[in-house]
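Visitor:
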Amino acid sequence: MAVDAGTLSLADVQAAADRIQAHVWKTPTLANEAVAGAGVWLKAENLQRTGSFKVRGAVNAVLQLSPEQRRRGVITLSAGNHGMALAYAANAVGTPCMVVVREDAAVSKLEAIRGYGAEIVLTPLAHWQERLEAEQKARELHLVHPFDDPAVAAGQGTVGLEILEAVPDVRTVIVPVGGGGLIAGVAVAIKQQRPAVRVIGVEPERAPAVTESLAAGHPVTPSRLDTIADGLAAPYTRPFNLALIQRFVDEIRTVGDDAIVEALTFVALRAKLVVEPAGAAAVAALVADPTIDRPVVAVLSGGNLDGRRLAGWLAP
1 MAVDAGTLSL ADVQAAADRI QAHVWKTPTL ANEAVAGAGV WLKAENLQRT
51 GSFKVRGAVN AVLQLSPEQR RRGVITLSAG NHGMALAYAA NAVGTPCMVV
101 VREDAAVSKL EAIRGYGAEI VLTPLAHWQE RLEAEQKARE LHLVHPFDDP
151 AVAAGQGTVG LEILEAVPDV RTVIVPVGGG GLIAGVAVAI KQQRPAVRVI
201 GVEPERAPAV TESLAAGHPV TPSRLDTIAD GLAAPYTRPF NLALIQRFVD
251 EIRTVGDDAI VEALTFVALR AKLVVEPAGA AAVAALVADP TIDRPVVAVL
301 SGGNLDGRRL AGWLAP
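The C-terminal position of the sequence shown is numbered 316 in the numbering used here, with every residue numbered one higher than the one before it.
1. Can you check which of these residues, 234, 43 and 14, is closest to residue 267 by C-alpha distance?
2. Please determine, among 123, 95, 36 and 293, the residue with the shortest C-alpha to C-alpha distance to residue 196.
3. Taking the beta carbon of residue 340 as the centre, do at least 16 other beta carbons fall within 10 Å, making it buried, or is it exposed?
4. Can you grab the Cα-Cα spacing for the pair residue 129 / residue 99, in whole Å?
5. Closest to residue 57 by CA distance: which of 312, 180 and 305 is it?
6. Would you mind working out which of 302, 154 and 194 sits nearest residue 173, comparing C-alpha positions?
7. In chain order, what residues of the same chain lie with their CB nearer than 6 Å to the CB of residue 54, ignoring the 5 residues before and after it?
8. Taking the beta carbon of residue 221 as the centre, do at least 16 other beta carbons fall within 10 Å, making it buried, or is it exposed?
9. In this structure, what does DSSP give as the bridge partners for residue 98?
10. Per DSSP, what kind of secondary structure is residue 25 in: helix, strand or coil?
11. Can you check whether the CB of residue 52 is closer than 8 Å to the CB of residue 305?
12. Could you pull the start and end residues of the alpha helix (DSSP H) that residue 157 belongs to?
13. Check whether the stretch 154-165 and the stretch 6-23 touch, using three or more Cβ-Cβ pairs below 8 Å as the test.
14. Let me know if residue 218 comes out buried or exposed under the rule of 16 or more other beta-carbons within 10 Å of its beta-carbon.
15. Does residue 201 come out as helix, strand or coil in the three-state DSSP assignment?
16. Near residue 264, which residues of its chain fall below 7 Å by C-beta distance, leaving aside the five closest residues on each side in sequence?
17. Threshold first: 4 residues or longer. Then list the alpha helix (DSSP H) segments lying entirely within the stretch 181-248, N to C.
18. By a C-beta neighbour count over all protein chains shown, 10 Å radius and 16 as the cutoff for buried, is residue 144 buried or exposed?
19. Taking contact to mean at least 3 C-beta pairs separated by less than 8 Å, is the stretch 199-213 in contact with the stretch 238-258?
20. From the DSSP output, which residues share a beta bridge with residue 295?
21. Beta-carbon separation of residue 79 and residue 230 under 8 Å?
22. Under 8 Å, do residue 61 and residue 149 count as touching if we go by C-beta distance?
23. Give every residue of the same chain whose Cβ lies closer than 7 Å to the Cβ of residue 205, excluding the five residues on either side of it in the sequence, and list them in chain order.
24. Would you kindly check if the distance between the Cβ of residue 187 and the Cβ of residue 199 is under 8 Å?
25. Going by DSSP in three states, residue 52 sits in which element: helix, strand or coil?
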């Protein structure tokens with residue numbers, strides 16, 4: 001059954017901004033022509049608490065739990081960033097947290113999740129959803145999904161509010177896409193205030209969940225999930241996010257892994273910011289197409305990665 005895109009509104013995003021402000025940071029939106037020429041701005045969510053935008057949605061969802069839900073605890077599945085965010089949010093309100101993590105997740109992300117006090121369950125990617133559902137049922141935990149949750153999407157949409165505040169004359173906003181929660185929330189926040197602003201989503205060629213779902217007209221399992229940008233390797237999208245993307249997003253583009261790594265090095269060496277591959281996807285699309293209308297804001301969605309991997313990419 002299709003989900004009405006009206007289930008997420010600008011008012012929801014604005015309410016989320018008020019709700020979460022004590023727990024998250026208003027990250028900088030930085031002008032940086034060195035990355036891809038004049039008129040380029042970078043929304044530095046890599047500098048957010050827990051290292052990614054994910055904390056916005058996780059906090060917004062956790063702060064709306066009932067007393068009974070808080071007592072029982074929360075659960076999610078994650079490649080790392082959402083798990084870190086939910087663990088942080090749960091810790092802030094004293095709620096137990098379990099994170100079902102794909103077994104190839106970065107060690108640094110696993111350490112961070114444990115550092116916030118959450119329990120980790122490692123599982124093969126092929127059994128990710130199955131293990132989540134089994135643990136949720138066995139322990140009667142409340143699911144805070146990484147993207148299939150209006151409260152999470154509303155929290156992520158606060159990125160869009162901050163972009164319009166920082167760059168009021170923005171013409172284009174480019175957003176990395178995994179399951180679709182970030183771009184759904186950002187697009188609602190922007191389009192319901194400034195419909196002329198172009199919103200472009202970017203996902204890896206090797207994890208085209210949203211691209212293939214849009215082509216099919218409904219959520220489908222992506223044809224492949226072997227991208228270097230693990231933070232964008234969602235095993236599916238959902239009707240809720242897809243409906244919002246269909247209504248509010250102008251275009252979804254795909255980029256190759258080589259372009260993502262090149263963009264990551266551009267951001268590190270030219271903007272002096274550390275981002276993970278997922279966080280570099282928007283810049284990869286911007287570098288590939290200098291005709292994108294400017295001023296343009298590219299969202300750096302996260303900066304959580306292992307130092308050894310970063311060193312390998314930056315080595316001459």
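The beta-carbon is built from N, C-alpha and C at its ideal position, and this holds for glycine as well.
Guide: Answer, in terms of the structure:
1. 43
2. 293
3. In the structure as shown, the chain begins at 1 and stops at 316. Residue 340 is therefore absent and cannot be evaluated.
4. 12 Å
5. 180
6. 194
7. 81, 82 and 85
8. exposed
9. 75 and 119
10. coil
11. no
12. 150-166
13. yes
14. exposed
15. strand
16. 275, 277, 280 and 313
17. 181-191, 209-216 and 239-248
18. buried
19. yes
20. DSSP, once it has assigned bridges, lists no residue as partnering residue 295.
21. yes
22. yes
23. 254, 255 and 256
24. yes
25. strand
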